[in-house]
Amino acid sequence: MNHEAKKIYPVYPCVPCGKDFDFMGSFQMKAHLSRRYLFSASHRLHSDAMSDEENHSTYGKCNNPYGHGHNYTVEVTVSGQVDRQTGMVCNLADLDAFIETQVLARFGHENLNTLREFAQEVPTTENLCIQIYEIVQRGFHFAHLERVRLEETMMNSFEYAGREA
Ligand code: NI
37 MNHEAKKIYP VYPCVPCGKD FDFMGSFQMK AHLSRRYLFS ASHRLHSDAM
87 SDEENHSTYG KCNNPYGHGH NYTVEVTVSG QVDRQTGMVC NLADLDAFIE
137 TQVLARFGHE NLNTLREFAQ EVPTTENLCI QIYEIVQRGF HFAHLERVRL
187 EETMMNSFEY AGREA
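Okay, so the sequence shown: first residue is 37 according to the working numbering, each after it adds one.
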């Protein structure tokens, strides 16, 4: 099922203004919904493609053999038409249930380096952000995924919005 499937009414574009309206002449209202979730995990930045010296000079303290932890904040943004009956883009309970079972349970309190997702890739927060995006993109069909933003610290965050066309 794709996210368009819940649309009950056909939508026609208005040529002069570019907005969509339905057969009753009402404009369709597209909205964004963002929701934040917290989880903790550890990682060590180390690439098998580089020597120990190169790893140390590239990653500095983040290459420490024992790794270190972060309290990550992940912000998921989805979009869609505001449903006529519910007044919502999608039900937050559906989004919460999906993120909790597919993302937080997967990465929370894990050593990211030991996970299958990072068998070939360095578990940087950029790569973790992409992994989370791919999971939501593949499995969550109640709304359209716009982007995933992952905060590693108060000072750093990363954003991924899919492959550029
Ligand atoms: Ni780190």
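Virtual Cβ for every residue (Gly too), placed ideally from N, Cα, C.
The beta carbon of L131 is closer than 8 Å to those of L69, R71, V112, V114, F176, F178 and A179 in its chain, skipping five residues each way along the sequence. The alpha-carbon separation between R185 and N91 amounts to approximately 26 Å. Assigned with DSSP and collapsed to three states, L164 falls in helix. Within the same chain, A77 come within 7 Å of E146 by CB-CB distance, once the 5 residues on both sides are set aside. Measuring C-alpha to C-alpha distances from R183 to each of S193, E170, L140 and A197 identifies A197 as the nearest.
The ligand NI never approaches H82 closely enough for any of its heavy atoms to be under 7 Å from the residue's Cβ. Those residues having their beta-carbon less than 6 Å away from any non-hydrogen atom of the ligand NI are, in chain order, H79, C98, H104 and H106. Per DSSP, the beta bridge partners of A67 are G116. Three or more Cβ pairs closer than 8 Å define a contact, and the segment 122-142 falls short of that threshold against the segment 97-104. In chain order, E153 place their CB closer than 6 Å to the CB of Q167, counting only its own chain and leaving out the 5 sequence neighbours on each side. V118 has its alpha-carbon roughly 27 Å from the corresponding atom of C165. H106 is positioned such that its CB atom lies no closer than 8 Å to that of V158. Non-local C-beta neighbours of Y95 in its own chain, meaning closer than 6 Å and more than five positions away in sequence, comprise L81, ordered along the chain.
For E187 against S193, the beta-carbon gap comes to about 4 Å, under 8 Å, which counts as contact.
Judged by DSSP secondary structure, S87 falls outside any alpha helix (DSSP H); it is assigned neither H nor E.
Only residues of its own chain outside the window of five on either side were considered, and among them none has a CB closer than 8 Å to the CB of A155.
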